[in-house]
Amino acid sequence: EAGVTQFPSHSVIEKGQTVTLRCDPISGHDNLYWYRRVMGKEIKFLLHFVKESKQDESGMPNNRFLAERTGGTYSTLKVQPAELEDSGVYFCASSQRGSEQFFGPGTRLTVL
Amino acid sequence: SQQGEEDPQALSIQEGENATMNCSYKTSINNLQWYRQNSGRGLVHLILIRSNEREKHSGRLRVTLDTSKKSSSLLITASRAADTASYFCATSYTGNQFYFGTGTSLTVIP
Chain A
341 EAGVTQFPSH
351 SVIEKGQTVT
361 LRCDPISGHD
371 NLYWYRRVMG
381 KEIKFLLHFV
391 KESKQDESGM
401 PNNRFLAERT
411 GGTYSTLKVQ
421 PAELEDSGVY
431 FCASSQRGSE
441 QFFGPGTRLT
451 VL
Chain B
90 SQQGEEDPQA
100 LSIQEGENAT
110 MNCSYKTSIN
120 NLQWYRQNSG
130 RGLVHLILIR
140 SNEREKHSGR
150 LRVTLDTSKK
160 SSSLLITASR
170 AADTASYFCA
180 TSYTGNQFYF
190 GTGTSLTVIP
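Protein chains in written order, with my numbering: chain A, 341 to 452; chain B, 90 to 199.
In structure tokens form, the structure reads like this:
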């Protein structure tokens, strides 16, 4: 069974540019989560999808971040415009209802 | 903050020794999970312990949970060089959103 995949693995952009991260959850997992780890700090929850609906987006830092999950399959997280403090590793996870979350390898975002 | 906090932040041991990491949290939980992250890779789920459980085992891993003290421990027995990684605890209150600590960096010296 394929795990959670994320693309790209690493992205380097300049301040003010736009970046879109993609997450493909495990097939059949309705729940999809985005997390972020800024260097040296804890992993923080960003938001949670149940199928295509945003269940909880309380962790989204500001309106420069936009997450979508059209069709309830893969999800994208867009940062526009990117700022220096957005640098970090963005993790995606998926789960079936009530089970453990399976994490992807993460996308390392570097904003210069 | 609802996040878990791991202790110690860094741990260095010799291969074959046991490694113990602790996690404390602040509010009531539904379950607590431990994850491992090898350098440059994703988080790997190790073990889940529910709030009504006190101890769970998985291979060389042993997790305890003390809800009265709001703490958990992860014990890795007979450590190997391949156990070198960062270990995170994650607490869940709703069964969905997880709160992570800053992690314990474990180095196992061959």
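The beta-carbon is built from N, C-alpha and C at its ideal position, and this holds for glycine as well.
For the beta strand (DSSP E) containing residue i, list its first residue and its last residue.
i, result
"residue 379/A", "Taken as a continuous stretch (DSSP letters only), residue 379/A belongs to no beta strand (DSSP E), as it is neither H nor E."
"residue 408/A", "405-408"
"residue 138/B", "132-139"
"residue 180/B", "174-181"
"residue 151/B", "150-155"
"residue 111/B", "108-113"
"residue 122/B", "120-126"
"residue 448/A", "447-451"
"residue 59/B", "What is shown of chain B runs 90 to 199, which leaves residue 59/B out entirely."
"residue 161/B", "160-165"
"residue 345/A", "345-347"
DSSP three-state label for residue i, please.
i, result
"residue 358/A", "coil"
"residue 397/A", "coil"
"residue 320/A", "With chain A represented from 341 up to 452, any question about residue 320/A goes unanswered, as that position is not in the structure."
"residue 90/B", "Legend: pLDDT at residue 90/B = 48, less than 50; position of this residue unreliable, value from coordinates given subsequently. Correct three-state label for residue 90/B: coil."
"residue 170/B", "helix"
"residue 440/A", "coil"
"residue 424/A", "helix"
Between the options, which has its C-alpha nearest residue i's C-alpha?
i, options, result
"residue 361/A", "424/A, 420/A, 425/A, 437/A", "420/A"
"residue 130/B", "350/A, 436/A, 373/A", "350/A"
"residue 413/A", "394/A, 352/A, 451/A", "394/A"
"residue 187/B", "370/A, 386/A, 426/A", "386/A"
"residue 432/A", "443/A, 425/A, 424/A, 422/A", "443/A"
"residue 94/B", "165/B, 199/B, 182/B, 110/B", "110/B"
"residue 231/B", "155/B, 137/B, 154/B, 156/B", "Shown here, chain B extends from 90 to 199; a query on residue 231/B therefore has no answer."
"residue 33/B", "144/B, 116/B, 134/B", "Absent from the model: residue 33/B. The displayed extent of chain B is 90 to 199, so no value can be given."
"residue 391/A", "410/A, 425/A, 354/A", "410/A"
"residue 456/A", "346/A, 376/A, 430/A", "Given that chain A is displayed from residue 341 to residue 452, the structure contains no residue 456/A and the question cannot be resolved."
"residue 181/B", "190/B, 119/B, 143/B, 140/B", "119/B"
"residue 159/B", "143/B, 174/B, 173/B, 150/B", "143/B"
Less than 8 Å between the beta carbons of residue i and residue j, yes or no?
i, j, result
"residue 122/B", "residue 440/A", "yes"
"residue 167/B", "residue 197/B", "no"
"residue 372/A", "residue 415/A", "yes"
"residue 374/A", "residue 417/A", "yes"
Quick one, which residues of the segment 362-381 of chain A are near chain B if we go by CB-CB under 9 Å, in chain order?
-> If the cut-off is 9 Å between Cβ atoms, the segment 362-381 of chain A has 371, 373, 375, 377, 380, 381 near chain B.
Determine which residues of the segment 425-452 of chain A have a Cβ less than 7 Å from any Cβ of chain B, and write them out in chain order.
-> Among the residues of the segment 425-452 of chain A, those with a Cβ less than 7 Å away from any Cβ of chain B are 431, 438, 440, 441, 442, 443, 444, 445, 446, in the order of the chain.
Near-chain B residues of the segment 382-393 of chain A - C-beta to any C-beta below 8 Å | When CB distances to chain B are screened at a threshold of 8 Å, the residues of the segment 382-393 of chain A falling below it are 382, 383, 384, 385, 388, in chain order.
Cβ-based contacts, 9 Å cut-off: residues of the segment 121-133 of chain B near chain A | Answer in chain order: 122, 124, 126, 129, 130, 131, 132, 133.
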